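2 protein chains.
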Amino acid sequence: MIKSEEFFKSEIEDFEIGDAYNAIFEEAEGGDVGYYSLPEDKELVTRIEAFCLEKDLGSVENIVVIGIGGSSLGTKAIDRLLSLTSKRDESKTRRRNDKNLIFMENVDPNEIEENLKDVTLQNSIFIIISKSGGTIETTSSVKYLVERFELSFEDEAFRDHFVVITDPSSPLDQFATDFNLSVFHLPLNVGGRFSIFTPVGLLPLCMLGYDIGDLLGGAEDLKKSFFARKEDDMVKKAHFYAKNSTQHPINVLFSYSSAFKYFNEWFVQLWGESLGKISRDGENVGLTPIGIVGSVDQHSFLQLIIEGPRDKTVTMIKVNNFENGLKIPDITIPHLEKTNFINGSTFNTLINAQCDATMQSIKDQEVSLDLITIDRLTERSVGYMIFYYELLTSLAGYFLNVNTYNQPGVELGKVILKEKFEN
Amino acid sequence: MIKSEEFFKSEIEDFEIGDAYNAIFEEAEGGDVGYYSLPEDKELVTRIEAFCLEKDLGSVENIVVIGIGGSSLGTKAIDRLLSLTSKRDESKTRRRNDKNLIFMENVDPNEIEENLKDVTLQNSIFIIISKSGGTIETTSSVKYLVERFELSFEDEAFRDHFVVITDPSSPLDQFATDFNLSVFHLPLNVGGRFSIFTPVGLLPLCMLGYDIGDLLGGAEDLKKSFFARKEDDMVKKAHFYAKNSTQHPINVLFSYSSAFKYFNEWFVQLWGESLGKISRDGENVGLTPIGIVGSVDQHSFLQLIIEGPRDKTVTMIKVNNFENGLKIPDITIPHLEKTNFINGSTFNTLINAQCDATMQSIKDQEVSLDLITIDRLTERSVGYMIFYYELLTSLAGYFLNVNTYNQPGVELGKVILKEKFEN
Numbered sequence: 001m002i003k004s005e006e007f008f009k010s011e012i013e014d015f016e017i018g019d020a021y022n023a024i025f026e027e028a029e030g031g032d033v034g035y036y037s038l039p040e041d042k043e044l045v046t047r048i049e050a051f052c053l054e055k056d057l058g059s060v061e062n063i064v065v066i067g068i069g070g071s072s073l074g075t076k077a078i079d080r081l082l083s084l085t086s087k088r089d090e091s092k093t094r095r096r097n098d099k100n101l102i103f104m105e106n107v108d109p110n111e112i113e114e115n116l117k118d119v120t121l122q123n124s125i126f127i128i129i130s131k132s133g134g135t136i137e138t139t140s141s142v143k144y145l146v147e148r149f150e151l152s153f154e155d156e157a158f159r160d161h162f163v164v165i166t167d168p169s170s171p172l173d174q175f176a177t178d179f180n181l182s183v184f185h186l187p188l189n190v191g192g193r194f195s196i197f198t199p200v201g202l203l204p205l206c207m208l209g210y211d212i213g214d215l216l217g218g219a220e221d222l223k224k225s226f227f228a229r230k231e232d233d234m235v236k237k238a239h240f241y242a243k244n245s246t247q248h249p250i251n252v253l254f255s256y257s258s259a260f261k262y263f264n265e266w267f268v269q270l271w272g273e274s275l276g277k278i279s280r281d282g283e284n285v286g287l288t289p290i291g292i293v294g295s296v297d298q299h300s301f302l303q304l305i306i307e308g309p310r311d312k313t314v315t316m317i318k319v320n321n322f323e324n325g326l327k328i329p330d331i332t333i334p335h336l337e338k339t340n341f342i343n344g345s346t347f348n349t350l351i352n353a354q355c356d357a358t359m360q361s362i363k364d365q366e367v368s369l370d371l372i373t374i375d376r377l378t379e380r381s382v383g384y385m386i387f388y389y390e391l392l393t394s395l396a397g398y399f400l401n402v403n404t405y406n407q408p409g410v411e412l413g414k415v416i417l418k419e420k421f422e423n
Numbered sequence: 424m425i426k427s428e429e430f431f432k433s434e435i436e437d438f439e440i441g442d443a444y445n446a447i448f449e450e451a452e453g454g455d456v457g458y459y460s461l462p463e464d465k466e467l468v469t470r471i472e473a474f475c476l477e478k479d480l481g482s483v484e485n486i487v488v489i490g491i492g493g494s495s496l497g498t499k500a501i502d503r504l505l506s507l508t509s510k511r512d513e514s515k516t517r518r519r520n521d522k523n524l525i526f527m528e529n530v531d532p533n534e535i536e537e538n539l540k541d542v543t544l545q546n547s548i549f550i551i552i553s554k555s556g557g558t559i560e561t562t563s564s565v566k567y568l569v570e571r572f573e574l575s576f577e578d579e580a581f582r583d584h585f586v587v588i589t590d591p592s593s594p595l596d597q598f599a600t601d602f603n604l605s606v607f608h609l610p611l612n613v614g615g616r617f618s619i620f621t622p623v624g625l626l627p628l629c630m631l632g633y634d635i636g637d638l639l640g641g642a643e644d645l646k647k648s649f650f651a652r653k654e655d656d657m658v659k660k661a662h663f664y665a666k667n668s669t670q671h672p673i674n675v676l677f678s679y680s681s682a683f684k685y686f687n688e689w690f691v692q693l694w695g696e697s698l699g700k701i702s703r704d705g706e707n708v709g710l711t712p713i714g715i716v717g718s719v720d721q722h723s724f725l726q727l728i729i730e731g732p733r734d735k736t737v738t739m740i741k742v743n744n745f746e747n748g749l750k751i752p753d754i755t756i757p758h759l760e761k762t763n764f765i766n767g768s769t770f771n772t773l774i775n776a777q778c779d780a781t782m783q784s785i786k787d788q789e790v791s792l793d794l795i796t797i798d799r800l801t802e803r804s805v806g807y808m809i810f811y812y813e814l815l816t817s818l819a820g821y822f823l824n825v826n827t828y829n830q831p832g833v834e835l836g837k838v839i840l841k842e843k844f845e846n
């Protein structure tokens, strides 16, 4: 389903591979890091599916997610990966229903107005997501909506159209309890950027009609294989990135399909925020993630990879089967006969040939390179990919000797912000 | 209108500043680099405005730009910067009409279908943009459209709905001449990523109702000031980036408004592709651009800036006036009283306070930092900003001792692609 090939020379010793597996197994069993156990939570899938059925979403046109960072990026990534492809069963219906997925993230007032222009209380479900409830962007959006729809927290309409996802016993949870809102809890030991397989991702994705059981199934496939010590390539790759973090501080993810646009953004948060840390040795360490999309970014970023400083690694992602037979017709444009070599091929063939050609041209420059090939984009393969990058992040964090799961560097700004208003 | 402040220590000598001005003036007068003279081309503005009037675009719902890289990024950037804000005259009408701006860039077949779902020949104008005409993505899209709409090149409908922008005498130009299409020419000495002030950007932006004369006017404002040697800060900044390219290989543009999403992408191409080169000294040099948006990316990338390696510079962009008075209502969410400090403020105030707070927290880390403040987003200020980054790129290229205007590194991939199909 998914194949990984590395074109760089790993210098890891066998015992180091074993140590890395052991460190991850220990972390998974220790209980402080909860994301490892999410793929098996079949009971959660059942509960969310039952909730969506019972909620009767027939007349709902908009699923509005009020959340930022880890509360929005994963859902956006998965919806984009899957929304354009048709179902496996050849019936050619889409995987997803026609509801709009809207995010209230940024507090840019012009964007807020643009996003809400077709949103009414009656045609929408609002999902408020915040671990603590204290996220200023999220609470400000909620307050704005309450005023816009002339609601009070006691109204039945508020209960009918707002759902909360938060940590158990958080202030937001207490609020939801007081006013009888539907609540889903986040496990306390799962951080925002690792929360896609909690209700944070599963609830909106289920409302859109995706098979969330399959999503977890894909993650579980990889988990089983990894915990059976069958994924040495992942360990080698994380080791290579971490040990070369000074020489190659930049990791480029070059995905050959527009479907990866938001997956790239999800990866940027996961990789950047998890690994950019003061290490246990007191050093400023980290790896800078960059996500680009082919073939478009052959026309923007490729030149820098090919001729710029040798400070980058590149991972290419290729999708074998776009489930779309659209062809470049056998038409000759007079004076442009030299473009005819592609006539009669599918666009699928063209974009993959571009991926191969670009990869060859990067390889020729002796840039550290690897390739991930996905057979087709389905809930199962996407679940696998997401968990692949989560595990890879944990491994890289182990080798960099950092706490992969906190984000102390962003707290100061929040304190300064509050002071600005209080003084 | 636009203010720039630097919080790093420049070590440039006065004579080096003078030399840099002289090098740019020489380049501008030499004739090989044409973008410098675009802001004065008032005749082009008149011609494009006349064309749009004559074309009678009343029934046109979609402006479809068929182009990639430099042929699409600038137009997308400017439309996004201006589409959400209202006009200066307080009439609160938008700057732009309601036509959709659609790009056929990538050859991802699922994206092509998604993009075209509401596009018919009758309700759309198609602008084919390619310097040579040989861009495989662009010709493939044209062939696909011709088949989809059952057109032949001789049809009047083809002439009515397709416009071409290309180099004079290019194969695409010859094609357009043969079939009597409307054509606008690109100056031969203006490369794709510097082409936004040619018909590449001006034609679609004019069709959308923007004041393209004002856009050029803003660019001209900066040009006059720069050519009067009044922009030493720009020279110092470019010098600082270039001379510290090994210590700080990554330049982050942190824009505090969702309006900058595509401006960031335009900047990434301009900076990455212009500066990532084998220098005249035979070295692989370059600077890696990263564009992020606040406050969203406080929740994804900020941690890496604050605690990660000191390999980055940061430029923050702040918009004083969003022309939008949307407020955070004075509502208390029980249990979340600690978020009340923001109640009664506008979202405009909140996002700018977040920008200031984040800037302070970055400054405390002694990361090299500068701030660009824009009073409001108008055609004029946007034209200024675009030209600011073009000039800054030319200056950085001068200090890095590279050819800023070519892109030899991307040619090999195109050759390999063709071979893949011919063998």
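As given, the protein sequences belong to chains X and D, one line each in that order.
Each residue of the first sequence is one higher than the one before, starting from 1 at the first, in the numbering used here.
Each residue of the second sequence is one higher than the one before, starting from 424 at the first, in the numbering used here.
The beta carbon of each residue, even a glycine, is placed where N, CA and C say it ideally should be.
On a predicted model such as this, the values are computed, not experimentally measured, just so you know.
Pair within 8 Å by beta-carbon distance, residue i and residue j
i                 : j                 : result
SER141 of chain X : ILE66 of chain X  : yes
ILE550 of chain D : LEU626 of chain D : yes
LEU749 of chain D : ILE196 of chain X : no
VAL200 of chain X : LEU181 of chain X : no
LEU215 of chain X : VAL382 of chain X : yes
THR827 of chain D : LEU698 of chain D : yes
GLU105 of chain X : GLU137 of chain X : yes
GLY641 of chain D : GLU802 of chain D : yes
GLY209 of chain X : THR781 of chain D : no
ILE501 of chain D : LEU628 of chain D : yes
Proximity winner among the options, relative to residue i (alpha-carbon distances)
i                 : options                                : result
GLY308 of chain X : D:MET739, D:SER718, D:GLN726, D:ARG703 : D:ARG703
ILE305 of chain X : X:ILE362, X:ILE17, X:ILE372            : X:ILE362
VAL596 of chain D : X:PRO334, X:VAL415, X:GLU390           : A small correction: the amino acid at residue 596 of chain D is Asp; Val does not occupy that position in the sequence shown. When only C-alpha atoms are compared, the closest one is X:PRO334.
ILE552 of chain D : D:ASP541, D:THR738, D:ILE486           : D:ILE486
VAL410 of chain X : D:SER817, D:ILE751, D:SER718, D:ASN533 : D:SER718
TYR679 of chain D : D:PHE649, D:ILE715, D:LEU710, D:LYS700 : D:ILE715
PHE650 of chain D : D:PHE438, D:PHE448, D:ALA443           : D:PHE448
ILE17 of chain X  : X:VAL146, X:PHE240, X:PHE267, X:ASN423 : X:PHE240
VAL119 of chain X : X:ASP167, X:ASN100, X:PRO109           : X:ASN100
THR796 of chain D : D:MET739, D:SER482, D:LYS761           : D:MET739
ASN343 of chain X : X:GLU40, X:THR332, X:LEU81             : X:THR332
THR46 of chain X  : X:GLY30, X:ILE416, X:ASP211            : X:ASP211
SER245 of chain X : X:GLU13, X:GLU283, X:PRO408, X:LYS55   : X:GLU283
Under the three-state DSSP convention, the category residue i falls into
i                 : result
ILE809 of chain D : helix
SER394 of chain X : helix
SER648 of chain D : helix
GLU477 of chain D : helix
ARG517 of chain D : strand
VAL200 of chain X : helix
MET424 of chain D : coil
ASP502 of chain D : helix
GLN450 of chain X : Any question about residue 450 of chain X goes unanswered here, given that chain X covers just 1 to 423.
ASP781 of chain D : The sequence given here places Thr at residue 781 of chain D; Asp does not occur at that position. Helix at THR781 of chain D.
ARG511 of chain D : Confidence is the limiting factor: at ARG511 of chain D the pLDDT is only 49, short of 50, which leaves the residue's position unreliable, though a coordinate-based value still follows. Coil, per DSSP.
LEU400 of chain X : helix
SER72 of chain X  : coil
Near the ligand SAM: residue i beta-carbon under 7 Å from a heavy atom
i                 : result
PRO594 of chain D : The ligand content of the structure shown is nil, which means the ligand SAM is not present either.
Per DSSP, the bridge partner or partners of residue i
i                 : result
LEU792 of chain D : D:VAL737
PHE526 of chain D : D:VAL488
THR769 of chain D : D:LYS750
ASN321 of chain X : X:ARG376
Closer than 7 Å at the beta carbon, the chain B residues around residue i
i                 : result
PRO757 of chain D : Absent from the structure: chain B. Protein chains present are X and D.
| said: If we require 3 or more residues per run, which beta strand (DSSP E) segments fall completely within the segment 658 to 724 of chain D? | reply: 673 to 678, 711 to 716
| query | Unbroken alpha helix (DSSP H) runs of length 4 or more, entirely within the segment 426 to 489 of chain D: which are they? | reply | 437 to 453, 465 to 478
| query | What alpha helix (DSSP H) runs, 4 residues minimum, are completely inside the segment 543 to 610 of chain D? | reply | 559 to 571, 579 to 584, 594 to 601
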